[in-house]
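Below: the structure, in structure tokens.
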Amino acid sequence: NVPIFVSSDSLLHSYHLLFDKVLRTAETEHFIPLLAEMNKALLAQADAQYQQLIGTAWEDAALRSVAFLAVGSKLLDPAAQVPAYAADLANQELALINAAEGIQPSPLFPGLEFGEDYTQYIPRGHYTRSDALKAYFKSMMWYGRMTFRLKTNDPEAGKAETRAGLLLIHAIQNAQVNGRPAGEAWADLYSPTVFFVGRSDDLTVLQYIPVKEQIFGKDIPVTQLADDGKLEAFIEAADQLPPPRILGIVIQDTDDETKQTKGLRFMGQRFVPDAYIFRQLVYRNVGTRENRRGLPMGLDLMAAMGSERAYQILDDLEQTRYENYPQQMEKARFWLSGLDVSEWTETLYNAWIYTFYPLLDVPGEGYPAFMRSQAWQDKQLKSALGSWAELKHDTILYAKQVYAEMGGGPPPPEPVPPRGYVEPVPQFYARLAALTSMTLDGLDQRGLLNELDRESLNRLKVLAESFQKISEKELAGEALTQEEYDLIRFYGGDLEHLVMAAADTDNEDEYAPRYMDEQPQAAVIADVA
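Note that the working numbering has the sequence shown beginning at 257, numbered continuously upward.
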């Protein structure tokens, strides 16, 4: 019996719940079975290649390509069969991954000067919900992080890794997954995740195959790859491809970053704008060797998006005093301001961040007095930061909250129903409606949308569109209709519906959410650097 205030936070949180649900549903029902079949087919093809290269200079590379796929296969399915000759090497790597005890030398990639950060394989985000998702997380993290580099500080290490990478590409070109080319299966796994999050920041199959065919020829037997003269030509040609823009491995601060990082990743981790901004605002770009800025802050992103309040808080925290921080922040702002609408709406990840801009704008004349205060700016900043934390949680590889009760009979009669109010940020609601529509259309086109999720996303879209119209009326001083007041009044019931729809379903009844016995939990903070 109190007026309802509809806040931007509640819609952003609802979108997070639905985004996380449709992503883990796609992973469980589509991506995990596909990855299992692909692992099996590629491992068999890599084994056949090894048998043909025994006794050649490429035997060790063939062994490592088999072991690489064996690790990914065993992480997804511990019962997967691995060729005996590769088992020891694969098991050494698996032991380090499962121990997750920090940065250690990699048995499979001995050329990595500082080894691999094995803490990255600890499942996080929604990947802790089931054993299948935990296994998928580890397997995809392996395929996403490990790089067959072209050149390193040790040229021989670069050649060794490139040989193994070329053999992996050759296996993808020649294997069959359920009667179709493995490259198509790879694309069926990669492309939907591009829609969710973005393109690989590292070189992939898509860039390597044309260069491989240019240097070695098309449709060649694997034995014709064993030509170190052509290998040198391949390395030089592939080195002309773009380098990664985000540092994703451990290197020395005096190293040539491009040389130490450029190469092939089987299912490379994705380029996302916030990570790129963070890369510009930490050492080596900000700070000195003696006074390094080692970690970014979420406020960096908000300041780069134009929030002067975020920059002021960073200044109060003495973050702006690191050498070169102000100059790098200007570069970050310039880069972000140069992204056009097509780039902001290329992926769901980007479009989600794009919804924050209206929240960071400073309201001017025509807005309610409470929205023109610093306290409101701080509230909006926290709204954007909270939603960004949920975005990072949902996409950590690539909580349920308390909800309003609606039911139990009609409300008691009241002489005058309490009025409600919608936070008047019409551009935010418009962008959230567009983001939800993009999610619906993109998943539908890819065959990744079930009817329950379609209904929930449509419901959120209609709410966002309705709140856009209501907030425009509020700013214009126009009276709301009784129907619009009723929508606000019973908004808690809509939130309840969305929370229930975003829960995992019971195995026996797909419409019975599995959340009743769980502790409501909304904490989602995950590592970002």
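Every residue, glycine too, gets a C-beta built ideally from N, C-alpha and C.
Separation of arginine 501 and phenylalanine 527 (C-alpha to C-alpha, rounded to the nearest whole angstrom) is 8 angstroms.
For alanine 443, the enclosing alpha helix (DSSP H) begins and ends at 438–452. Three or more pairs of CB atoms, one per stretch, sit closer than 8 angstroms, so the segment 547–558 contacts the segment 521–538. Residue pairing by DSSP puts glutamine 432 in a beta bridge opposite Pro437. Burial check for isoleucine 310: the Cβ neighbour count within 10 Å stays below 16, so the residue is exposed.
The count of Cβ pairs closer than 8 angstroms, one atom from the segment 318–326 and one from the segment 720–740, stays below three, leaving the stretches out of contact.
Here proline 477 is exposed: its Cβ has fewer than 16 other Cβ atoms, across all protein chains shown, within 10 Å.
With a threshold of 16 other beta carbon atoms within 10 Å, threonine 375 falls short and is exposed. Ranking Ile288, Leu713, Ala313 by CA distance to the CA of alanine 416 puts Ala313 first. Straight-line measurement puts the Cα of threonine 651 at about 10 angstroms from the Cα of tyrosine 383. If you draw a straight line from the Cα of asparagine 706 to the Cα of leucine 389, it is about 19 angstroms long.
Straight-line measurement puts the Cα of leucine 273 at about 6 angstroms from the Cα of alanine 758.
Of the candidates Phe472, Ile428, Ala413, Ile428 places its Cα closest to the Cα of threonine 460.
For lysine 725, the uninterrupted alpha helix (DSSP H) run begins and ends at 707–732, by DSSP.
In the three-state reduction of the DSSP assignment, phenylalanine 404 falls in the strand class, which pools E and B. Per DSSP, the continuous alpha helix (DSSP H) segment holding aspartate 571 begins and ends at 564–572. When Arg628, Leu424, Ser722, Leu719 are compared, the shortest CA-CA separation from leucine 298 is found for Leu424. Contact annotation, threonine 408 with glycine 414: C-beta distance approximately 5 angstroms; criterion of less than 8 angstroms satisfied. In the three-state DSSP reduction, valine 678 falls in the strand class (E or B). In the DSSP annotation of this structure, the continuous segment of the alpha helix (DSSP H) that includes glutamate 586 starts and ends at 581–593.
The shortest C-alpha to C-alpha distance from isoleucine 288 to any of Lys394, Asp344, Leu462, Val780 is the one to Lys394. With a cutoff of 8 angstroms on beta-carbon distance, valine 327 and leucine 290 are scored as not near each other. The beta carbon of serine 270 sits closer than 7 angstroms to the beta carbons of Leu716, Leu751, Leu754 from its chain, once the five residues preceding and following it are set aside; these are given in chain order. The DSSP-derived three-state label of serine 386 is coil.
Nearest in C-alpha terms to aspartate 373, of all of Gln360, Arg436, Pro366, Gly367, is Gln360. The DSSP-derived three-state label of leucine 459 is strand. Taking the Cβ atoms as the reference, alanine 304 lies roughly 19 angstroms from lysine 330, outside the contact range of under 8 angstroms.
Restricting attention to Leu592, Val450, Glu492, the CA atom closest to the CA of valine 467 is found in Glu492.
In this structure arginine 589 is in contact with glycine 562, their Cβ atoms being roughly 7 angstroms apart against a cut-off of 8 angstroms.
Taking each of Ala560, His426, Asn434, Val597 in turn and checking the Cα distance to lysine 474, the smallest one comes out for His426. A direct Cα-to-Cα measurement between proline 379 and histidine 286 gives close to 19 angstroms. In this structure, leucine 268 sits away from serine 727, with a CB-CB distance that is not shorter than 8 angstroms. With a minimum length of 4 residues, the unbroken runs of alpha helix (DSSP H) contained wholly in the segment 314–389 fall at 315–332, 340–355. For arginine 548, DSSP records a beta bridge to Gly543. One Cα belongs to leucine 604, the other to alanine 482, and the distance between them is close to 42 angstroms. Rounded to whole angstroms, asparagine 354 and tryptophan 398 show a C-alpha spacing of 12 angstroms.
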